[in-house]
Amino acid sequence: MPRMTANDALTSALIEEMRRDSRVLMFGEGVATKRRDLLEEFGAARVRNTPLAEGIIAGTAAGAAATGLRPVIDLLFAPFLCYAMDEIVNSAGKLRYLSGGQFAFPMVVLAATGAGWGVGAQHNHNIEAWFAHSPGLKVAMPSTPADFKGLLKAAIRDDNPVLFFTDLALGFTEGDVTDEVVPLGQAAIRRNGRDVTLISYAKTVHTCLAAAEQLADRGISAEVLDLRTLKPLDEETVLASARRTGRVVVVHEASRMCGIGAEVAAIVAEKAFRDLRAPVLRLTGPDAPAPASFPLEQAFVPQPGQIVTTVRDLLGTRDVRDVELAGVPV
Amino acid sequence: MPRMTANDALTSALIEEMRRDSRVLMFGEGVATKRRDLLEEFGAARVRNTPLAEGIIAGTAAGAAATGLRPVIDLLFAPFLCYAMDEIVNSAGKLRYLSGGQFAFPMVVLAATGAGWGVGAQHNHNIEAWFAHSPGLKVAMPSTPADFKGLLKAAIRDDNPVLFFTDLALGFTEGDVTDEVVPLGQAAIRRNGRDVTLISYAKTVHTCLAAAEQLADRGISAEVLDLRTLKPLDEETVLASARRTGRVVVVHEASRMCGIGAEVAAIVAEKAFRDLRAPVLRLTGPDAPAPASFPLEQAFVPQPGQIVTTVRDLLGTRDVRDVELAGVPV
Amino acid sequence: MTPKQRIEALEQMLLIRAHEEAAVALQGAGKAGGTCTAVGQEASAVGVVMALTENDQILTNHRSIGHLLARGADPRRTMAEILGRQDGYCAGKSGSLHISARELGVVLTSTIVGGELGLATGVALSRKMLGQPGIVACFFGDGAACEGRFHESLNLAAVWELPVLYVCENNHWQAFVHRRETMLVESITAHAPAHGVESNAVDGNDVEAVHDAASAAIAHIRKTGRPYLLETVTYRLRGHYEPDDQSYVDPQELAHWRARDPILLLKRKLDGEGVLDAAGQQRMEQRVRRRIEEAVGFAEANPYPSLDALTTDVYA
Amino acid sequence: MTPKQRIEALEQMLLIRAHEEAAVALQGAGKAGGTCTAVGQEASAVGVVMALTENDQILTNHRSIGHLLARGADPRRTMAEILGRQDGYCAGKSGSLHISARELGVVLTSTIVGGELGLATGVALSRKMLGQPGIVACFFGDGAACEGRFHESLNLAAVWELPVLYVCENNHWQAFVHRRETMLVESITAHAPAHGVESNAVDGNDVEAVHDAASAAIAHIRKTGRPYLLETVTYRLRGHYEPDDQSYVDPQELAHWRARDPILLLKRKLDGEGVLDAAGQQRMEQRVRRRIEEAVGFAEANPYPSLDALTTDVYA
Ligand SMILES: Cc1ncc(C[n+]2csc(CCOP(=O)(O)OP(=O)(O)O)c2C)c(N)n1
Ligand SMILES: Cc1ncc(C[n+]2csc(CCOP(=O)(O)OP(=O)(O)O)c2C)c(N)n1
Ligand SMILES: [Mg+2]
Ligand SMILES: [Mg+2]
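Chains as they are written, first to last, in numbering that gives the first Met the number 0: chain A, 0 to 329; chain B, 0 to 329; chain C, 0 to 315; chain D, 0 to 315.
Written out as structure tokens, the structure is:
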């Protein structure tokens, strides 16, 4: 099992899928410049630079997907998707349905986000929840090199538009990577535990794992669940774990209101209600744009210490009330 | 107290605020054509038609707002905001923060949405949750003519960008209207009750009220809470009611995943946990684009009968489990 | 155009007109939702679509009935779609605003103004990369030409050498705003050279002129593999949608264009040339009217989709 | 330009270059995040900004240091902002990519390519409606001219008669893509006529030429109240951001433009004309270097914002 970085794992998924299926092509601003290896292997028709215009990049992908190709587009940073919302949401997400099923949109939209670069909110904005809220789309957000590869392979093979967000801070993390396709819609238990379930995705999965270590030192057994795909959401795995531990904390970098954490909490509060032993808590980024200043940017993201404190409060008393648990360091 | 339609109430808010403050101006595709009365009273500089380009309309509003004007723009239908996301989210929502507080963006974005016209998902898509999830923005969505007027007045006076969504089906409903400004961020109890709290906004507030009538006939006392402003959300009123009744059903037309209902459910599950006597339920539109076909479009929206059934289930047993309560008619 | 083609063109234009008028009546009777008609623009649709071959594909927008019928759409199914019925081309889910008919090569209709412009490049890219013959005709309005996507689309098609025929149906109106309020130049083609795209503007109410210009444009595309912008200058004789009293329209301008009704012009010509006299035209109109009556009958009798269709075809 | 102005221009250009080089060094030392430098484009910034008056306003983008310093920004505060410190112009929240300085009239900087184009019309509308004197200069790149917003902005400014000086700094690169891969025409000004906008393209490495062209453009705007598009043809001598090895850049093209370094050109001219000789230039460079060293010292000593700044200034 080769070890590689998440970035390399993503590239290797692209290469394998482009070898496997000649309908797969890739384009975006600088794709052909930055991915010379792909350009050389697959040629200028399948690996393309584009003009600087996200809307037409996404629209072209949608039009091509509906008529026989399987495009992967790189829109660079998540906030740039704001220029391509019509093409992604109104076209790719809705025109299958509105046409009575005449078309399908097998396409993948890549974009990076998350803290780590000190570039501020116009490059770093976790908007994955927007797409989870919209019909006809799928959303994946990996936490490990193996999933960067395996989930991307599944996304490319899927017949629906898949938003594939990569957490900037994970790009150079290393891990074992196989050829396996990781099916969309399956969460992974990253650590088994009895007392509390920490539910997360992308970078903050590792924050949860670090917190679980610290909690273990204090005799608290935390389960860590990695959602991996945000839509479709693996309700079953979430509920099974929530029922087992009776306590849930959802952790992510995206802001709280109407985020993935809200959805997970709502599902748990509805469907695991009678098994809950404590309030469902969320630890998220604050309701603020991401700042550039390094220490502020770091403080934006939930930290292991906050998770530890939150879990201890949760276990110490069965009715933690009105504790403000926004992402601000405690 | 004059009676008027919601549409007229909205117009009267515009007129009063434009009289009050010469910095208020309005523009959009067809605004000067459709609002002749405003054009005549305030002149062509303050009531403008625009080229057909939502992005630059919103960008112009943001630029003007930051430098001394107070624009109100009409972007017609909510899905058209997909062309203006950068200007609304990345500029108006973030540039105050990213500039260290140098600028403010007092602007209002009007858009209609919701079932009723049979025009399908590219005109009808309830995306209010996107903006609630984004920093720096406020979101209002009135249910009564009085709020069409009073909330819009507050929105125009607010120093932040406010998304003001109007539910198409409410435009011609009539009600008493005063000159009162309805502050952003205050929910309203539309009906008092003891057994369950129905939480909603816009058109489905009336669905909840109709359901509450039917429930009353069966001896069930339902409280109906109208959120009115979605961001900032009036947590206090929500929690007080949830604690009083111990049972919450959130109802809206927007789709379920990461919607306002998810947020309300998550807040309740966290902060009113020990007072809850039953799972928190959501009744929402399905995870599908809105269809044009009339009966399908109607079925898209939660109906009183569904609310009644849901509440009776909730009261009949304390552990309603895994009941599928999506917007599909039961 | 041969005399036979001109006769065929008239029949198609009459069919479109009758279809639009039937839709207006249904709307007035409360049986159909709001609909955007293309009354007055029939020559543009018919002239361009008749110049296409079977291999070519079409993208259109909210004002699409002309393009669909000229392409051979069954009026029973377009009418059923407008009424939201199960046998409409989109199973009732589209309604009047985004009808596509894949079997006819009318793909990915969008009612987001400019939506079709964003998609057309991708459709053309598929044809090119999959080695399929044919070009892609993309219909849009003068209003859509104000959206930035118009430029992004033309530019990408030019840079990537995509076989797209951009057809701007300049009908002088953008919903409730006159074209002159939204741009300083008279012709949309003014934008073409800066994108490196060939272009031409033509009298959009003269079906022969449209057909000839479209044929030349298509020949250019087939030869060079490059995009082409054709502007058909026409007029929206009815309101933006139904109902719309057009109170904001300059009566003189409207009268001017009413006198240039493309059907009137073609009828006069065919009669004058002795190709089809008044009696023959009347017979044709009756035939067309019967077809539309039958279509309305079909559509009204056609059931609504079953409620489970609410959540089908969301995902592939 | 008077000899005095030319000397001032050189000092500003040297200041910008030294500032960029210091930022590069800080980035290399791991003390600053990624930053986009405008090395090679100093003449464009200085030539245009010197042609503005105090009443005028500026919108800029990710490559903004030239515009800021030419406008009189304090290098201590720009440097502090780049390092995310509390006394940066944006209290450290912007970092290098969206520095605005309201007190200098540099408003609403956006790092979304095209963002400034979307906002400029509104800033100009405020000036016009509030009866404020002055025009609005909006700086953007050749890449931004590929975004549809470029066209939407020009068109609205033309139709509404807004006093905007659009300055397209055509530096031949759009991040990692050469301009020739993204458009078929040689000059961005090709788009202006179809929007009804006056335009001109100028050698962007000749500060006098830029200054003269900008002055003429600004005079036109002040006289007519209408927008104007000025293209400054220049070159990005360093990579897109730091670090960037420029391995994708044609060495010949780079060498060609290195020989046309705007600072080199101006120095040679001033020396040749006897306005400022080599010794005078050296003294100037030392002065500038000291100013930048001091700015770096200030910035490095300046504290980070306190953590509660994380959630301040989200709402007004
Ligand atoms: C993005 C977007 N903005 C606004 C609308 C509302 N709308 C529908 S058609 C129309 C006018 C379109 O004008 P034009 O492109 O000239 O086409 P025409 O209707 O004249 O055929 C408008 C504003 C829309 N559907 N989509
Ligand atoms: C909408 C958007 N797309 C992509 C980027 C990433 N990006 C930053 S600068 C840049 C190149 C911009 O080219 P140009 O407009 O010519 O300006 P230059 O950098 O050459 O000064 C790109 C692609 C961005 N910031 N915003
Ligand atoms: Mg039009
Ligand atoms: Mg450039």
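Cβ atoms here follow ideal geometry from the backbone N, Cα and C, with glycine treated the same way. All of these numbers come straight from a predicted model, not from anything done at the bench.
- A distance criterion of 7 angstroms places the beta-carbon of residue 40/C beyond contact range of ligand 3, judged by its closest non-hydrogen atom.
- Applying a distance threshold of 6 angstroms between residue Cβ atoms and the heavy atoms of ligand 4 selects 140/D, 141/D, 142/D, 170/D, 172/D, 173/D, given in chain order.
- In the three-state scheme derived from DSSP, where H, G and I count as helix and E and B as strand, residue 172/C is classed as strand.
- For residue 254/C, there are no CB contacts under 6 angstroms within the same chain when 5 residues up- and downstream are skipped.
- Those residues of the segment 49-61 of chain A placed with their C-beta closer than 9 angstroms to a C-beta in chain D are 49, 50, 51, 52, 53, 54, 55, ordered along the chain.
- Judged by the Cβ position, residue 177/D fails to qualify as a neighbour of ligand 1 at the 7 angstroms threshold, every heavy atom of the ligand being at least this far.
- Here residue 54/C is exposed. Its C-beta has fewer than 16 other C-beta atoms within 10 Å.
- A direct Cα-to-Cα measurement between residue 207/D and residue 48/D gives close to 12 angstroms.
- Of all residues in the segment 292-307 of chain B, only 292, 293, 294, 295, 296, 298, 299 place a beta-carbon less than 9 angstroms from a beta-carbon of chain C.
- Taking a beta-carbon distance threshold of 8 angstroms, residue 290/B counts as an interface residue toward chain C.
- Apart from the 5 residues on each side of it in sequence, residue 17/C sits with its Cβ closer than 6 angstroms to the Cβ of 287, 288, 291 in its chain, given in chain order.
- With contacts defined as CB atoms closer than 8 angstroms, residue 167/C and residue 115/C fail to qualify as a contacting pair.
- Excluding sequence positions up to five before and after residue 275/A, its CB lies within less than 8 angstroms of the CB of 241, 245, 246, 247, 267, 268, all in the same chain and listed in chain order.
- The beta carbon of residue 306/D sits closer than 8 angstroms to some beta carbon of chain A.
- A distance below 8 angstroms separates the beta carbons of residue 55/A and residue 148/C.
- The Cβ atoms of residue 145/A and residue 176/A lie closer than 8 angstroms to each other.
- A straight-line Cα-Cα distance of about 16 angstroms links residue 107/A and residue 94/A.
- Nearest CB-CB separation between residue 175/D and chain A: below the 8 angstroms threshold.
- Below the 9 angstroms Cβ cutoff, chain C contributes 109, 111, 113, 114, 117, 148 as neighbours of residue 85/A, in chain order.
- Just so you know, the alpha carbons of residue 37/A and residue 30/A end up roughly 9 angstroms apart.
- Taking 9 angstroms as the Cβ-Cβ cut-off, the segment 206-224 of chain C has no residue approaching chain B.
- Per DSSP, reduced to three states, the secondary structure at residue 227/A is coil, with no helix or strand assignment.
- Counting every other CB atom within 10 Å of its CB across the protein chains shown gives residue 174/A a total of 16 or more, marking it as buried.
- Here residue 72/C is not near residue 217/C, since their CB atoms are 8 angstroms or more apart.
- Considering only beta carbons, the part of the segment 149-164 of chain C lying closer than 8 angstroms to chain D consists of 149, 150, 151, 154, 157, 158, in chain order.
- Rounded to the nearest whole angstrom, the CA to CA distance from residue 83/B to residue 83/A is 10 angstroms.
- Taking a Cβ-Cβ threshold of 8 angstroms, none of the residues of chain D is close to residue 77/A; the smallest such distance is about 12 angstroms.
- Residue state for residue 128/D is assigned as helix, using DSSP reduced to three classes.
- A straight-line Cα-Cα distance of about 57 angstroms links residue 33/D and residue 39/C.
- Between the alpha carbons of residue 68/C and residue 63/A lies a distance of about 25 angstroms.
- Within 7 angstroms of the CB of residue 77/D, no CB atom of chain A is found; the nearest one sits about 13 angstroms away.
- In this structure, residue 9/A places its C-beta atom within 8 angstroms of the C-beta atom of residue 151/A.
- Inclusion of residue 143/D and residue 113/D in the CB contact set at 8 angstroms is warranted, their separation being smaller than that value.
- If you draw a straight line from the Cα of residue 23/A to the Cα of residue 183/A, it comes to about 18 angstroms.
- Three or more Cβ pairs closer than 8 angstroms define a contact, and the segment 88-96 of chain C falls short of that threshold against the segment 127-145 of chain C.
- For residue 234/D, the CB stays at least 7 angstroms from every heavy atom of ligand 2.
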